[in-house]
Every structure is written in structure tokens, then in C-alpha cells.
Amino acid sequence: MQRSFACLNDKRMPAHFLIAMLELAEQYRVEPESLLRGSQLFLDDLAFPEAQVAPEQALYVLKKLKRELADQPQLAMELGQRIASGHGHVLFDLWRYAPNLNEALAAWARSQNHIETLLQLNVQRHQGEIYIRLTESASLSTQQRSVFELALSACRLLLKEQLGAQTWLKVELPWAQPSHNFHYPVYLGEHIEFNAPRCAIILSEQVLYQPFKEASVLRFAQTKRAVRLHRQASCLLQAHLRRLIRRRLSDPWNLDITARSLGMSPATLKRRLKQDGTNFKLLVDEVKGQEALHLMALNQWNNSQLASNMAFSDEHSFRRAFKRWTGAVPSAFRCN
Amino acid sequence: MTRLFPNQKQHVVSLSITLFAGVLLTLLAFIIGDLEPMSAIDWMDFVGEAAATIMAAIWFVLLMLCRPRGWVTILLLIGSGTYWLTTWLDLLDELLAYPPDNRLLAWLESLPAPISMFLLTWGLVVWFSEQQAVNRQLKQREHFHREHSLIDPVTQLYSLRYLLVQLSREALLHDKREQPLSMVMVDIDGFAHYNRIHGPRQGDQALNEVAAALEVALRDTDLACRYTSDRFVVLLPDTPPHEVSVFSQLMEDCCNSALKGKLKVTTVQLTRQKEEPEQALFERLNQLLVSAKRSQSQTEVA
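So the protein sequences, as listed, match chains A and B. Heads up: the first sequence begins at 1 in UniProt numbering, then just goes up one per residue. Heads up: the second sequence begins at 1 in UniProt numbering, then just goes up one per residue.
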């Protein structure tokens, strides 16, 4: 099947996210116009119901907002809450009206072919727990942490609302605890693990089929149709590749074969990835690095198991790669 | 008089001196001179001089009203006071005829005028530079407020940053004096849900109502700030545990009545242990809130 692919600066993301950002900015007395300056977007562009923006533009505005309000460390998480408690985003409506978490996650997974998001959700059940792991759809560069914080606080709010405020929920963050940790407990709850091997929300398996508080069969069906109407002719090349690699970690990924399977020449694939500021090798390496850390912590695998599962020729080259990803040897991570 | 110039007794003194001098001069003028016949008075001149006197008197009083005490004010007051006296003598001159050999009042009329003008001008110049310094300082302060966002833009309460600065200072003082330092945290229940149903504008309105209610419930020494999202923190210096629970309950009642049943708040309180760091205080508050909410939901279920 021939598919067409898009890059980060194609306008194909619903403007909802960006509008929420501008609204929050206004609350902090930051002019929307000044945030949009340099993004090649104008306020008038956003006034249409089907307005779409490029992921790059959204990230640009987020970066500017963070810089403008550098003394508000909770900004991204506040934005997440705002988006989750606002109306008008089909993806959040999916979560809202689904009969239960299982259906919500399934519908979300299906929607990822239709609606571009900055993040992908990877769901996994393991020893009585559900891991909802967040990974980036495209390199988010300096805004990665903000986007993760935003998504985590939005998801947590939705889950708490649907499953009840007392539901056990743990958040894992792949970065260190800040010296002044005043905001994380408020937005992400009491169970937070810093320096974790992944960015994830972890729930008990029992809630998977617990009925959602706002479940509505008709509205859910309606929203699912609305998602299908959003169907894009093309999908983000990076996001697609990341999904493929994650799904088939043990394949020996190489540029020529991948390009042919996508129906384009290796040179084109190279050029398209370069447009997004990345390259094939980097992409494979990034995904493998994330997965290695996650699988190691999850399954307690040893190096040889990891090496054979991730298409490394031997343990030694895996160890070398691991040092490249994390700056430390695998054993250093195991004892944590 | 002291009510008019609340903290400026100095002004009362200068006003009395000036009035006294005015009375003296008037008496002197009447002793030396004789009333002119009505026909000899130039009424146009009289009206002009009278207006000048009244205006000069108004300047004098206005200066007293708006200036704080200080040497610049003294300059301005002496200048405008003597200026008023000379205009007053000018006015009397229109009504009285002085004997031609007596030059005293003519001198009194004309000599102090340039001196008073000089003093006034000098005072105004210094006032100008003083005002520039004040403006510079205000600008700096405004800059500081803007840069460090000490005020929460939604509720106009202090921001967390300001509270942390105050907290570290108070903590030090309280440790030294061995006084109890307490804190109250206020959280709006189901705020996100309310926001979603009624929109963020109504949500902000609710935040403002809580902020206003907190300000009512505060004592002069207490400090309230918007912690983040729907949480507020109040710092209560020199307040032992049994008093905090009273204040905490008071705040809860105030907030609940301000919200008129739309929403409810939960409050938790604690008293700082000696040398407990700020981070730990907030952790404890957040934990207390979690358990308070848990027990609430359990009682609801039961």
C-alpha cells in the first residue's frame, strides 16, 4: 500500500492544543500576538473550526511561552489540566465517553492512524499492573519534558475523574527530582517516582474494566466517527517509523530496506528525515534506547536476553550501545 | 487641625506662624495708614489683588496638604507663606493710604516678594529632582514585581514564590524565638470537574471568591498565597496548634459561604517543627490533604 508521509512542519494537527496555550498565556498577561510572532501563524488563522497547525509551530509557541513565564515551573502541567478539562478535542472526548479504560485505550490506539499527536501511548499489562507509557512521536528536542508533563497531568486528571479520585495511580518520570518540588505532587499525585526508566502512568489491572463515570454509548460512538472524519491522507513519517521499530525491535533495521517498504527511495527517506532534523540511525537508536531501559526494568532481563531481543550481535555491543544511551553500564541501572 | 494634616504637626506650626504674621502686618498697616475714601479706591486693582491673595493662600494650603515633612517642604512653605503675605499687603495697600514719609510698608510689600519667589523656585527644582528619584525607585519596584511575579495574576493574592521568601524568613525568626509557625492549606474539591462543566472563566471566578474569603478571614500578620491550581496556602506566624485548627475551620467556613454551595473546600493545617525545611512542610501539607480527602470519600461511601 502506497502511503504519503508528512513532516513536522506540515499543518496537520488540530489547533486545539495551541489555542489552549494562548488562553493560558492570556491568563498570565502574555499577549497571544507576541507568542505567535515568528511562528508564521496569525490569530485569524486559528479562528476557523477546522484550523490546523504544524507540530513544529505548536512546539515553537510552547517554547516561547515557557521562556516568557520561566518562573512558573508548573506551566506545562497547568496547561495539561486545562486541556483535559476543556471541551472540543475529540481525543479527550474518546477518553471521556468510553465505557471503560480498556475501550478508551483501544479507541486511542486506533485513532493514532487518524489524528497526529505529539506523543504515542504504549500500553502494556505486566504482573497485575497496566503500564501506559508515553513516548514521543517525533523528536521534541528541548520541549520534551514539557510535553510529557502536560500529557501526564492531562491523563491523570481524566483517569481520576473517570475512575474516582481515590484510585491508585503511580507516575514515573525519567528525570531527576527538582530541588524545589512544590508542583509535581499537586498535578501528578502522591505516588511519583523520579529517575524512572520510562515516562509512564501505572494503574492496577482491576480498573481496566471498571465503568467510566461519564460513559455514554452514543457519545462514544459519535466521537469515534468524528475521529474517523479527521482521517488524514498522510501520516507523520517519524511517528510511523517509530511505531514500526518499536513493534519489531528484533529486526535489523536498515535504511534501504525500510525506504523500499515505505515506497520511497533511500535518498528521499534520508532527505525527509533531515527535514525534521533527524536521521534514520538516530531514530532507531533512540527507540531502542527507550525500549532497552523499559524492558530491562520490567522483565529484569539480563544483557544477553536484551541483546538478542534487540538485534545486537552480542552482549558486548549491547553494553556499548547502553553506555551511549545512558552514560552508564547496564548494571548501574539494575541495582536501582 | 491635626486631623487635616494627620502626621505633619510641623505644618500646623508653620500655618500658625504665617497667620500670626499676617495679623501683625494687618495691625501695623492699620496703625500706620488711614482708610482711603471709597471714591479713591481703584476697584479693578482691588479685585485683581484679592484674587492673587486668595490664590496664593490656596497654594500655601495645598502645599501643606500634599507634602510630607522635610527641608524641601520647609523651603516651599516659607516661599509660599511670604508670597501670600506680600500679596495680602498689596491688597491692604489698595484700601489704605500711607503717609508719604513712612516707607516701611512699601518695603515690606516689595522686598520679600523676590525672596519668596526665589525660595519657591528653589523648592520646586528640588522637588522635581526628588520626584525623579521616587519615579526611578517605583520603576525598579515595578520591574521587580513583574520579573519575579510575586502576585498571582488570577486571584491577585501573593504567588508561591513570595510565600517561600516570607516563609524562610519567618522560619528563621520563629526558630530563634521558639514560637510556633503554622500553615493552612485550602483546596477546592472537584475543581477540575467544575471547570469542565462551567468553563474556565467560572472557574477563575470561584478562585477569586475563595481568595476574597481568605483575605477576610486573615489576621494582619497572616499571609495568603495561591499555591498552584486550586490550592491556597496561608502562613500564620506565632500561632500554636490549637489556634490553627480554629483559624483553619474559620477559613473553611468563610470560603464555603463565599462559594454559596457551588463548590466546597477542604482545609488542612500543621505547625512547623523546629528546623523543618520548607519542602518538607509542603510535602506534609499535601499528604495531609490526601488523607483528609480519603477519609471524606470514605464517610461519603459509608
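The C-beta atom is built at its ideal place from N, Cα and C for all residues, glycine as well.
At a cut-off of 9 Å between beta-carbon atoms, Pro185 (chain A) makes contact with chain B.
Taking 4 residues as the minimum length, the alpha helix (DSSP H) runs contained wholly in the region 149–229 of chain B are 160–177, 191–217, in order along the chain. Sequence-ordered contacts of the region 62–80 of chain A with chain B read Leu69, Asp71, Gln72, Gln74, Met77, Glu78 [C-beta pairs closer than 9 Å]. Chain order gives no chain A residues near Arg169 (chain B), where near means a beta carbon separation below 9 Å; the closest approach is about 16 Å. Between Tyr28 (chain A) and chain B, the shortest Cβ-Cβ separation is below 9 Å. Of B:Pro68, B:Arg69, B:Leu85, B:Gly70, the smallest CA-CA separation from Ala56 (chain B) is found for B:Leu85.
For Leu223 (chain B), there are no neighbours in chain A by C-beta distance under 7 Å, as the nearest C-beta there is about 16 Å away. When C-beta atoms of the region 209–228 of chain A are compared with those of the region 185–194 of chain A, fewer than three pairs fall below 8 Å, so the two segments do not count as touching.
In the structure shown, the three-state DSSP call for Ile41 (chain B) is coil. Asn195 (chain B) counts as buried, since at least 16 other C-beta atoms from the protein chains shown sit within 10 angstroms of its C-beta.
The beta carbon of Lys293 (chain B) sits closer than 9 Å to some beta carbon of chain A. For the pair Phe318 (chain A) and Ala307 (chain A), the CB atoms are nearer than the 9 Å cut-off. Proximity of chain A to Leu160 (chain B) at the Cβ level (cut-off 7 Å) is accounted for by Phe182, in chain order. Of all residues in the region 271–284 of chain B, the ones placed with a Cβ closer than 9 Å to any Cβ belonging to chain A are Glu278, Gln279, Phe282, Glu283, in chain order. Between Leu203 (chain A) and Glu129 (chain A), the beta carbon gap of about 7 Å places them in contact (Cβ cut-off 8 Å). For Leu150 (chain A), no Cβ of chain B is located within less than 9 Å of the residue's own Cβ. Boundaries for Tyr184 (chain A): no beta strand (DSSP E) harbours it, while the alpha helix (DSSP H) harbouring it runs 184–188, taken from the DSSP string. Residues of chain A with a Cβ closer than 7 Å to the Cβ of Ala192 (chain B) are, in chain order, Gln81, Ser85, Leu157, Glu161. In the DSSP assignment, Glu136 (chain A) falls within the beta strand (DSSP E) that extends over 129–136.
Checking the DSSP bridge columns, you'll see Arg231 (chain B) partnered with B:Asp187, B:Thr228.
Listed along the chain, the chain A residues whose CB falls inside 7 Å of the CB of Val165 (chain B) amount to none; the nearest CB is some 12 Å away. Taking a contact as a CB-CB distance under 8 Å, the pair Glu36 (chain B) and Ala106 (chain B) does not count as one, their CB atoms being some 15 Å apart. In the three-state DSSP reduction, Glu172 (chain A) falls in the strand class (E or B). Chain-order list of chain A residues neighbouring Ser297 (chain B): Gly164, Ala165, Gln166, by C-beta distance under 9 Å. The shortest C-alpha to C-alpha distance from Ser14 (chain B) to any of B:Ala51, B:Gly79, B:Ile54 is the one to B:Gly79.
Annotation: the continuous beta strand (DSSP E) that includes Leu203 (chain A) extends over 200–204. Where Ser331 (chain A) is concerned, the enclosing alpha helix (DSSP H) starts and stops at 330–334. Here Cys155 (chain A) is not near Gly86 (chain A), since their CB atoms are 9 Å or more apart. Taking 9 Å as the cut-off, the Cβ atoms of Leu157 (chain B) and Leu214 (chain B) count as close. Shown here for His126 (chain A): same chain residues with a beta carbon closer than 7 Å to its own, the five before and five after excluded, namely Leu298 in chain order. Here the alpha carbon of Ala15 (chain A) sits roughly 51 Å from the alpha carbon of Glu243 (chain B). Chain-ordered, the chain B residues with CB closer than 9 Å to the CB of Glu190 (chain A) read Asn286, Gln287, Val290. In the DSSP assignment, Phe5 (chain A) falls within the beta strand (DSSP E) that extends over 4–6. Contact residues of the region 233–259 of chain B toward chain A are absent (C-beta to C-beta distance below 9 Å). Closest in C-alpha terms to Thr221 (chain B), from the list B:Cys66, B:Tyr83, B:Met183, comes B:Met183.
With respect to the 9 Å criterion, Leu236 (chain A) and Ser146 (chain A) are not classified as neighbours on the basis of their beta carbons.
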